[in-house]
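Encoded as structure tokens, the structure appears first; notes follow it.
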Amino acid sequence: MNIFRLIGDMSHLLAIVLLLLKMWKTRSCAGISGKSQILFALVFATRYLDLFTAFISAYNSTMKLFFISTSLVTVYLMYFKFRATYDANHDTFRLEFLVVPVGGLAFLVNHNFSPLEILWTFSIYLESVAILPQLFMMSKTGEAETITSHYLFALGSYRALYILNWVFRYYFEGFFDLIAVVAGCVQTILYCDFFYLYITKVLKGKKLSLPA
Amino acid sequence: TFQIRLKDEL
Numbered sequence: 001m002n003i004f005r006l007i008g009d010m011s012h013l014l015a016i017v018l019l020l021l022k023m024w025k026t027r028s029c030a031g032i033s034g035k036s037q038i039l040f041a042l043v044f045a046t047r048y049l050d051l052f053t054a055f056i057s058a059y060n061s062t063m064k065l066f067f068i069s070t071s072l073v074t075v076y077l078m079y080f081k082f083r084a085t086y087d088a089n090h091d092t093f094r095l096e097f098l099v100v101p102v103g104g105l106a107f108l109v110n111h112n113f114s115p116l117e118i119l120w121t122f123s124i125y126l127e128s129v130a131i132l133p134q135l136f137m138m139s140k141t142g143e144a145e146t147i148t149s150h151y152l153f154a155l156g157s158y159r160a161l162y163i164l165n166w167v168f169r170y171y172f173e174g175f176f177d178l179i180a181v182v183a184g185c186v187q188t189i190l191y192c193d194f195f196y197l198y199i200t201k202v203l204k205g206k207k208l209s210l211p212a
Numbered sequence: 213t214f215q216i217r218l219k220d221e222l
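Going down the list, the protein sequences come from chains B and Y. Last residue of the first sequence: 212 in this note's numbering, with the numbers rising by one and none dropped. Last residue of the second sequence: 222 in this note's numbering, with the numbers rising by one and none dropped.
Laid out in structure tokens, this is it:
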């Protein structure tokens, strides 16, 4: 565990808490893509199956359980409790366009052709593109609530911090996982446009509105 | 081999 990973994990945690708080306080999931949230639940459910096969640390297990359970709660809140506020008309990204190619790629390019390993690889690839329905939705509506942009900034920062963690681990531990690194870089690149808007607008007190 | 990689990252 190094400082980059710890801050990255905390940023990931903060993102999820921010999203849940936004929904709970406003009793609404307006502006949030339910499709991205379904993908995140799928990401956690397929990646953390090793909860049952390996024990790494109490920290590791606790975080995994937190991510799985909160992602399920988020999907429940969006599709059941606050369904009336869900903006389905703008959440029109086709999930099969992500899940099918990512599934195919996980079968072809993985560290080891075993069920758990393929599911882990699927999860890593899927996470890298899971935010696309959310970004697509924002580009359709042309704006985002400030709390939603804080959520996205924390969520995007987490993988960027993991890249620094991988650089650190490569030099000091000889650790290198090509699949995670490439997917992590793709994931971070997808956020760059948003990061730019966040820094130039939201941090200066303006609402995040996209150029037409 | 069937050795499972230990994944310590989240």
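Every residue gets a Cβ at the ideal spot worked out from N, C-alpha and C, and that includes glycine. Quantities reported herein were computed from a predicted structural model and do not represent experimental measurements.
What did DSSP end up calling residue i once you bin it into helix, strand or coil?
| i | result |
| --- | --- |
| Glu221 (chain Y) | coil |
| Ser69 (chain B) | helix |
| Leu105 (chain B) | helix |
| Ser209 (chain B) | strand |
| Ala154 (chain B) | helix |
| Ala144 (chain B) | strand |
| Ile90 (chain B) | Checking the displayed sequence, the identity of residue 90 (chain B) turns out to be His instead of Ile. Note: His90 (chain B) maps to helix in three-state DSSP. |
| Ala30 (chain B) | coil |
| Ala54 (chain B) | coil |
Starting from residue i, find everything on chain Y with Cβ-Cβ shorter than 7 Å and list it in chain order.
| i | result |
| --- | --- |
| Ile16 (chain B) | Those within 7 Å of Ile16 (chain B) in chain Y number zero; the least Cβ separation is about 12 Å. |
| Asp50 (chain B) | Lys219 |
| Asn110 (chain B) | Within chain Y, no residue comes near Asn110 (chain B); the closest Cβ sits about 11 Å away, beyond 7 Å. |
Tell me the residue span of the alpha helix (DSSP H) that contains residue i.
| i | result |
| --- | --- |
| Asp193 (chain B) | Leu178 to Thr200 |
| Phe25 (chain B) | Reading the sequence as shown, one finds Lys at residue 25 (chain B) and not Phe. Run containing Lys25 (chain B): Ile3 to Thr26, per the alpha helix (DSSP H) assignment. |
| Ile118 (chain B) | Pro115 to Val129 |
| Phe40 (chain B) | Gly34 to Arg47 |
Interface residues of chain Y around residue i at Cβ under 9 Å?
| i | result |
| --- | --- |
| Lys201 (chain B) | Near Lys201 (chain B) there are no residues of chain Y at all, since even the closest Cβ is about 30 Å away, more than 9 Å. |
| Met10 (chain B) | Per Cβ cutoff of 9 Å: no residues; Met10 (chain B) is ~11 Å from chain Y at best. |
Which same chain residues end up closer than 8 Å to residue i when comparing Cβ atoms and leaving out the 5 residues on each side of it in sequence?
| i | result |
| --- | --- |
| Thr46 (chain B) | Leu119, Trp120, Phe122, Ser123 and Leu126 |
| Thr141 (chain B) | Gly31, Asp87 and His90 |
| Ile131 (chain B) | Ser36, Leu152, Leu155, Gly156, Gln187, Leu190 and Tyr191 |
| Val109 (chain B) | Thr121 and Ile179 |
Whose C-beta lies closer than 7 Å to the C-beta of residue i among residues of the same chain, with five residues either side of it excluded?
| i | result |
| --- | --- |
| Phe136 (chain B) | Phe93 |
| Leu49 (chain B) | Leu116 and Leu119 |
| Tyr41 (chain B) | What sits at residue 41 (chain B) in the sequence shown is Ala, not Tyr. Excluding sequence neighbours, Ala41 (chain B) sits near Ser71, Leu72 and Val75. |
For the ligand MN, I want to know if residue i counts as a neighbour, meaning its beta carbon is within less than 7 Å of at least one of the ligand's heavy atoms.
| i | result |
| --- | --- |
| Cys192 (chain B) | As presented, the structure is devoid of all ligands, the ligand MN included, so that no description of it is given. |
So which residues of chain Y does residue i contact, with C-beta pairs closer than 8 Å?
| i | result |
| --- | --- |
| Asn2 (chain B) | In chain order: nothing, as chain Y lies at least about 11 Å away. |
Is the beta carbon of residue i less than 8 Å from the beta carbon of residue j?
| i | j | result |
| --- | --- | --- |
| Ser28 (chain B) | Thr70 (chain B) | no |
| Ser68 (chain B) | Phe107 (chain B) | The sequence shown places Ile at residue 68 (chain B), rather than the Ser named in the question. No, the pair does not count as a contact, with Cβ atoms beyond the cut-off. |
Identify, in the order they occur along the chain, each residue of the same chain with its Cβ nearer than 6 Å to the Cβ of residue i, setting aside the five sequence neighbours on each side.
| i | result |
| --- | --- |
| Leu105 (chain B) | Tyr125 |
| Ser15 (chain B) | The question names Ser, but residue 15 (chain B) is Ala in the sequence shown. Contacts found: Tyr151, Ala154 and Leu155. |
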